[in-house]
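Each remark here refers to the structure printed beneath this line.
In our numbering, the protein residues as written are 185 to 368.
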């Protein structure tokens with residue numbers, strides 16, 4: 185006997201020329217602080233949970249989370265808080281002598297980062313307004329000309345991330361080799 189045929193509607197199509205937020209794409213490693221409802225705090229990379237002192241520690245991010253657990257728990261609250269772990273010894277390094285955790289969702293975490301006494305950061309907002317491809321190109325040109333907004337004086341930023349509000353989707357645009365797949 186065949187399974188019954190069911191209806192599946194086409195999803196609403198978001199409009200392209202709606203608001204977007206363009207932020208600097210920081211070249212570090214993807215990370216997240218996990219805070220459970222019962223107050224446990226943990227770390228993860230893009231692909232797995234991270235443990236301090238183990239091979240999964242993701243450039244020392246899990247150790248940093250463990251060290252700052254008492255501060256991160258009340259600041260962040262329950263959830264998975266995604267960002268970029270970057271700085272000394274990670275990818276481009278940005279000429280830093282320390283490492284930083286910059287949260288991606290600037291709307292949610294902007295004020296929080298300011299209140300955290302330098303513990304947390306957010307990725308720099310380079311533009312906020314209606315989406316247009318020429319605006320993305322202009323923001324990239326300005327980033328090339330002026331250097332990183334995340335760390336002033338660093339001359340070779342990686343690119344931008346465009347969050348399209350209507351689509352609820354992020355897209356990245358790299359300054360170099362944007363046409364190449366990752367790892368090519």
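Glycine included, each C-beta is placed from N, C-alpha and C at the ideal position. Since we're looking at a predicted model, the values are computed, not measured.
Coarse secondary structure for residue i, derived from DSSP in three states
i           : result
residue 292 : helix
residue 329 : helix
residue 213 : strand
residue 262 : coil
residue 248 : helix
residue 254 : helix
residue 197 : coil
residue 324 : helix
residue 359 : coil
residue 203 : strand
residue 268 : strand
Cross-strand partners of residue i (DSSP beta bridge)
i           : result
residue 208 : 344
residue 306 : 287
residue 392 : As shown, the chain starts at 185 and ends at 368. That puts residue 392 outside it, with no answer to give.
residue 234 : 227
residue 218 : 226, 264
residue 364 : DSSP, once it has assigned bridges, lists no residue as partnering residue 364.
Where the alpha helix (DSSP H) through residue i begins and ends
i           : result
residue 187 : That residue, residue 187, is in no alpha helix (DSSP H); it is neither H nor E in DSSP.
Where residue i falls, given that 16 or more other Cβ within 10 Å makes a residue buried
i           : result
residue 202 : exposed
residue 267 : buried
residue 285 : buried
residue 228 : buried
residue 198 : exposed
residue 245 : buried
Integer-rounded CB distance, given that residue j should sit under 8 Å from residue i
i           : j           : result
residue 243 : residue 269 : 6 Å
residue 375 : residue 309 : The structure shown does not extend to residue 375, since the chain is modelled only from 185 through 368, so no value can be given for it.
residue 212 : residue 275 : 5 Å
residue 347 : residue 204 : 6 Å
residue 359 : residue 341 : 7 Å
residue 303 : residue 255 : 6 Å
residue 263 : residue 247 : Residue 263 to residue 247, Cβ: 21 Å. No contact.
Limits of the beta strand (DSSP E) - the one that residue i falls within
i           : result
residue 313 : 309-314
residue 283 : 283-287
residue 228 : 225-229
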